[in-house]
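Residues 877 to 1197 (the numbering used here) are what the sequence shown spells out, left to right.
Everything below concerns the one structure shown next.
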Amino acid sequence: MIVNAKRAYGKKKDPDTRNQGMMAMIRKVHGIIENPDLEKHRQSQDHVGALLGNSKDILIRSVDIQGMEGEWVSVNRAHMKKYIILYCHGGGYSTGSSLYARTLTTKLAASTSMDVLCFDYRLAPENPYPAAAQDAMKAWNYLMLLGYGARDVIIAGDSAGGNMALSLVLKLKEEGRLLPRGLVLMSPWTDLTSSGKTHQTRAEVDPVLDAVYLNRMIKGYVVGQDLENPMDAKDLVDLKDPMISPLFGDFTGFPPTYIQVGDNEILLSDSTMLHKKMVQENVSVKLDVFKGMWHVFQMSPLKAAYDAMDKNAEFIYDICR
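Listed below in structure tokens is the structure:
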């Protein structure tokens, strides 16, 4: 007897159903990683980085940047040496590390065949703003001392690292220094005032971020743990300071910029508003919104993540020609 294949094996799931299943899995994994105990949260992230960022095709070399730890991530083959990528890791400025970032830096090194430098900037709340920003400048100056020119460097970052990348370039511009060749931003956190509409419209679907988490990260970053009873961060610091919320900066004269974001994340508006403002200020900027994707989906071992990294590489090759 011939049995209908669809009846025997069941109907193939439609893309929306598959995507809902993936997001449910991401929500569960993120719930395991995130821990109220900040130190355990950081350790869990490092375990993920060690697990997913391990590849025999990648070389990792530790580096000391004037007392700050970091690492070079390179492909284990002949590759381009002229241009390099300075990578700013995410984690709400309170978690994350170069080890955790290997879920991204190894893919970036493999897709571009360029060396990637990631650095372990000081974390909040132990070291609130401007400690991380100062460390980003230290990493930039280190590259200049190595002999790289500003135009040899592409700055990339995810989430809070995207915030850091933008604020670093704003600072370089403020100081009248040469700017990098380009910027690559994945789900950048650009607006700590949370003014974007997707903070409400995506609140129920985002499997990674929520308002409670973001508010905790904001207070840790701009207030720190020195105060016994931290007041609302907005009462203590101007969250519209461009060095804290780069969205409110002046992007005139900025280098070419590429932004990737998922359409299921509450930070979607942080990217769309940045893109709109950069267009208004005549920056060469491109935005890709990935349907059904979540915050920094590029970390996941999915085809969509590798496709996104290939798009990052295409952008970088284009600006390096």
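Even glycine gets a Cβ: it sits at the ideal position worked out from N, Cα and C.
Tell me which residue opens and which closes the alpha helix (DSSP H) that residue i is part of.
i     : result
I1094 : 1087-1098
A1036 : 1036-1050
Q921  : 914-928
M1020 : 1007-1022
A1075 : The amino acid occupying residue 1075 in the given sequence is His; Ala does not appear at that position. Per DSSP, H1075 belongs to the alpha helix (DSSP H) from 1074-1077.
For residue i, which residues from the same chain have a beta carbon less than 7 Å from its beta carbon, with the 5 sequence-adjacent residues on both sides left out?
i     : result
L1068 : I1094, L1115, I1120, S1121
A1189 : S987, T988
V1159 : F1127, F1130, T1133
Could you give the DSSP three-state label for residue i: helix, strand or coil?
i     : result
V1155 : helix
K957  : strand
L935  : strand
I1030 : strand
F1130 : coil
L1059 : strand
L1178 : coil
L1163 : strand
I1142 : coil
L1054 : coil
Y963  : strand
D940  : strand
M877  : Residue confidence for M877 is low, a pLDDT of 31 falling below 50, so the modelled location carries little weight; the figure read from the coordinates is stated next. Coil, per DSSP.
Just how far apart, CA to CA, sit residue i and residue j?
i     : j     : result
C994  : Q1136 : 19 Å
Q921  : M1040 : 19 Å
N1140 : K1179 : 17 Å
S1147 : P1083 : 18 Å
M1185 : N1003 : 31 Å
W1016 : L1144 : 28 Å
R953  : G929  : 18 Å
G1072 : K1152 : 13 Å
V1161 : V1155 : 7 Å
A977  : L1054 : 27 Å
K1044 : E1050 : Note that residue 1044 is Leu in the sequence shown here, rather than Lys. Using only the alpha carbons, I get a separation of about 10 Å.
V1165 : M1062 : 10 Å
S974  : T1077 : 32 Å
Tell me which same chain residues have a C-beta within less than 6 Å of the C-beta of residue i, skipping the five on either side of it?
i     : result
G972  : H965, G966
K1167 : D1139
K1047 : none
L1042 : P1122
R937  : W948
Just confirm the distance between the C-beta atoms of residue i and residue j, as a whole number of angstroms; I'd bet it's less than 8 Å.
i     : j     : result
E945  : D996  : 5 Å
H1171 : L1085 : 5 Å
Y963  : G1025 : Actually they are not in contact, since the Cβ atoms of Y963 and G1025 sit about 18 Å apart, beyond 8 Å.
From which residue to which residue does the beta strand (DSSP E) around residue i run?
i     : result
M1169 : Where M1169 is concerned, there is no enclosing beta strand (DSSP E), given that its DSSP letter is neither H nor E.
E947  : 944-951
M1119 : No beta strand (DSSP E) holds M1119; DSSP gives it neither H nor E.
L993  : 990-995
In its own chain, which residues sit with a C-beta less than 8 Å from the C-beta of residue i, not counting the 5 before and 5 after it?
i     : result
Y959  : M990, D1028, V1029, I1030, R1057, I1192, C1196
A1087 : S1070, H1075, A1079, I1142
V1113 : Y1005, V1098, V1099, I1120
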